[in-house]
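First to last, the sequence lines map onto chains W and Y.
Counting along the first sequence from 1, when you hit position 268 you're at 281 in the numbering used here, and nothing is skipped either side.
Counting along the second sequence from 1, when you hit position 250 you're at 263 in the numbering used here, and nothing is skipped either side.
Following: one structure in structure tokens, then a few remarks.
Number of protein chains: 2
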Amino acid sequence: MKFRRSSRLVDMTNHLLLHPQHLVSLSYFAEKYDSAKSSISEDLTIIKQTFEQQGIGTLVTIAGAAGGVKFIPLVGLDEAKEVVRELCGVIANPDRLLPGGYLYLTDILGDPRIVNKIGKIFASIYSNRDIDVVMTVATKGIPLAYAVASFLDVPVVIVRHDNRVTEGSTVSINYVSGSTKRIQTMVLSKRSLKEGSNVLIIDDFMKAGGTINGMINILEEFNANLKGIGVLVESEGIEERLVDEYISLVKLTDVDVKEKQIRVSEGNYLTYLSKIEIQDEMGEE
Amino acid sequence: MKFRRSSRLVDMTNHLLLHPQHLVSLSYFAEKYDSAKSSISEDLTIIKQTFEQQGIGTLVTIAGAAGGVKFIPLVGLDEAKEVVRELCGVIANPDRLLPGGYLYLTDILGDPRIVNKIGKIFASIYSNRDIDVVMTVATKGIPLAYAVASFLDVPVVIVRHDNRVTEGSTVSINYVSGSTKRIQTMVLSKRSLKEGSNVLIIDDFMKAGGTINGMINILEEFNANLKGIGVLVESEGIEERLVDEYISLVKLTDVDVKEKQIRVSEGNYLTYLSKIEIQDEMGEE
Chain W
14 MKFRRSSRLV DMTNHLLLHP QHLVSLSYFA EKYDSAKSSI SEDLTIIKQT
64 FEQQGIGTLV TIAGAAGGVK FIPLVGLDEA KEVVRELCGV IANPDRLLPG
114 GYLYLTDILG DPRIVNKIGK IFASIYSNRD IDVVMTVATK GIPLAYAVAS
164 FLDVPVVIVR HDNRVTEGST VSINYVSGST KRIQTMVLSK RSLKEGSNVL
214 IIDDFMKAGG TINGMINILE EFNANLKGIG VLVESEGIEE RLVDEYISLV
264 KLTDVDVKEK QIRVSEGNYL TYLSKIEIQD EMGEE
Chain Y
14 MKFRRSSRLV DMTNHLLLHP QHLVSLSYFA EKYDSAKSSI SEDLTIIKQT
64 FEQQGIGTLV TIAGAAGGVK FIPLVGLDEA KEVVRELCGV IANPDRLLPG
114 GYLYLTDILG DPRIVNKIGK IFASIYSNRD IDVVMTVATK GIPLAYAVAS
164 FLDVPVVIVR HDNRVTEGST VSINYVSGST KRIQTMVLSK RSLKEGSNVL
214 IIDDFMKAGG TINGMINILE EFNANLKGIG VLVESEGIEE RLVDEYISLV
264 KLTDVDVKEK QIRVSEGNYL TYLSKIEIQD EMGEE
């Protein structure tokens, strides 16, 4: 069946969006639409321009016989700032305050649209770090981890606090929770992580970083490489942070349970996002 | 900025795919692209045709001042069959067999691409049931629930087995596990589900249905309405099923631990998917 350009553009856009980071050969499109490769190239130029203008991402073209085109989802600085500003506003709502100074974030993490926006920001930041797998710990971090993984087109592995029969044989470690100083256990299914994998750790909340530090310890058991740590909210004013390098979108600067006040500011993500934009520009020259 | 048709098609496709089930007014597009509504209508006709031809879904147009266009993700029968056939093949692999006749599904549930395909099938089936929220139980069902919810554009609520401080006040119920007959507890954050919500329950695995039955009991505590139950894998040969109406993609017909054999067949989803296709066709006449 012959396709007109307009139909090709719609279907190619859908295909590229569904397969981020995935190399699609021009022949694939040429055959699917029964069109000349030169027409496909022109289509891709239009898509690339629109994607870049609209902040959807970019297309990277790889020349040669094994070449093709790859959609890289990217979030522009302005869009990321807007998402984070929105998040800050929502998170600062004093109704979120729970006993013990904890925050209720379940509604935010339960909204796929917000979660996908957050996921795209992290995927943008880590898209050039050769990530093989996104790791998180049950339960709260799971939706964020899947959102990031979808945009990076990699699988998710979930570390658990308990041992379930459905996980098969597992590796378990003990770690010290940073804030409560209690000893806890973490378990990961042996089959779920290949040796030498490049891992991005994603979680919803980081206080002292004990849980994330636990995941780093588990990575060592699998000889896997830590390639990055992304958290939605970090809590400031921690005496001793167990984790050094991480990216946060929102920073909790002050929680006053008595006065029912939550103060938040932007996290450190901007530093990293700006770096990427500069790198990209340099790469294009 | 004026947009050419080709750029509009790319950007509109992206916008519609990102906002399933969401009514977008023609004025929104007309203003964004500084184009006449008649041109936007023509664009939408092209997109609708391509979406339908390619099995991406359909566009529903609502006339009038409050009208607009809505993208409904749909999976065609053939595509659904292919996905399920693939799943059956993967699940029947004897390496999945765990002690006690359990199956290792973690890798399947860890792959966002597979999870999204499954999510789209369930969203297709339930897209006309006015779902307000997707419910699942921690941990394994979470990725599936988010995938379905993304395509339905509704939030997810997660029932837990334990009580966490970050959930705020909760409602908890006791239920009897169908297969082990043990009494277990289920907990749901009070804030997370509004009274009268229409709920779709999604889970990865159903044996006797005790866990799902527990979720149904929790729905009653919230005066919420059960609108459907979707499971990835159901286990056949259960003496007494606690749940009546559900949709499954894969049916486990026989697990022989000694012979290391897993037998699977297609679940009952086809019955429902065919019904929808027929309804749709009738609706168009």
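Quick reminder that beta carbons are idealized off the backbone N, C-alpha and C, glycines included.
Note that this is a predicted model, so its numbers are computed, not measured.
Drop a sphere of 10 angstroms on the beta-carbon of residue 244(Y), count the other beta-carbons inside from all chains shown, and report buried for 16 or more, exposed for fewer.
buried
Can you tell me whether residue 294(W) is buried or exposed, with buried defined as 16 or more other CB within 10 angstroms of its CB?
For residue 294(W), the predicted model reports a pLDDT of 46, less than 50, meaning its position is unreliable; a value from the coordinates is still stated below. The residue is exposed, with fewer than 16 neighbouring Cβ atoms inside 10 Å.
Using a Cβ-Cβ distance under 8 Å, would residue 176(Y) count as near chain W?
no
What three-state label does DSSP hand residue 21(W) in the structure shown?
helix
Output needed for residue 291(Y): all residues of its chain with C-beta closer than 8 Å, excluding positions within five of it in sequence on either side, in chain order.
Low confidence applies to residue 291(Y): its pLDDT is 47, below 50, so where it sits in the model is not reliable enough to give any reading.
Measure from the C-beta of residue 208(W) to each C-beta in chain Y and report whether the shortest distance is under 8 Å.
no
Hey, how far is the Cα of residue 6(Y) from the Cα of residue 133(Y)?
The displayed coordinates of chain Y run from 14 to 298. Any statement about residue 6(Y) would go beyond what the structure contains.
Opposite residue 261(Y) in the DSSP bridges: which residues?
244(Y)
Beta-carbon separation (whole angstroms), residue 251(W) vs residue 285(W), contact threshold 8 Å:
Not a contact, Cβ separation roughly 20 Å.
Which residues of chain W have a Cβ atom closer than 7 Å to the Cβ of residue 180(Y), listed in chain order?
119
Residue 241(Y) versus chain W: which residues are under 9 Å apart at the beta carbon?
By Cβ distance, chain W contributes nothing, its closest Cβ being about 18 Å from residue 241(Y), past 9 Å.
Pick from 121(Y), 86(Y), 114(Y): whose alpha carbon is nearest that of residue 102(Y)?
121(Y)
Quick check on the burial criterion: 16 or more other C-beta atoms within 10 angstroms. Buried or exposed for residue 142(W)?
exposed
Measure from the C-beta of residue 19(Y) to each C-beta in chain W and report whether the shortest distance is under 8 Å.
yes
Is residue 286(W) helix, strand or coil by DSSP?
helix
Rounded to whole angstroms, what is the Cα-Cα separation between residue 79(W) and residue 210(W)?
24 Å
Leaving out the 5 sequence neighbours to the left and right, which residues in its chain are closer than 6 Å to residue 218(Y) when beta-carbon positions are compared?
246
Residue closest to residue 162(W), alpha-carbon to alpha-carbon, out of 175(W), 57(W), 216(W), 202(W):
216(W)
Thinking C-beta only, is residue 282(W) closer than 8 Å to residue 230(W)?
no
Should residue 13(Y) be flagged as near chain W, meaning a C-beta pair shorter than 8 Å?
Since the displayed chain Y opens at 14 and closes at 298, residue 13(Y) lies outside it and no answer follows.
For residue 47(W), which residues in chain Y fall below 9 Å Cβ to Cβ?
In chain order: nothing, as chain Y lies at least about 14 Å away.
How many whole angstroms separate the CB atoms of residue 224(Y) and residue 150(Y), which I take to be in contact at a CB cut-off of 8 Å?
6 Å
Buried or exposed: residue 112(W), going by 16 or more other Cβ atoms within 10 Å of its Cβ?
exposed
Do you know whose CA, among 280(Y), 92(Y), 144(Y), 213(Y), lies nearest residue 66(Y)'s CA?
92(Y)
At the level of alpha carbons, what is the spacing between residue 248(W) and residue 267(W)?
8 Å
With 16 as the cutoff for other CB atoms within 10 Å, does residue 271(W) come out buried or exposed?
exposed
Which residues does DSSP list as the beta-bridge partners of residue 149(Y)?
171(Y)
Buried or exposed, going by whether 16 or more other CB atoms sit within 10 Å of the CB of residue 298(Y)?
Model confidence at residue 298(Y) stands at a pLDDT of 32, short of 50, so the residue's coordinates are unreliable and nothing is read from them.
Taking DSSP as the reference, what is the three-state secondary structure of residue 86(Y)?
strand
Starting from residue 34(Y), follow the beta strand (DSSP E) in both directions and report where the run begins and ends.
That residue, residue 34(Y), is in no beta strand (DSSP E); it is neither H nor E in DSSP.
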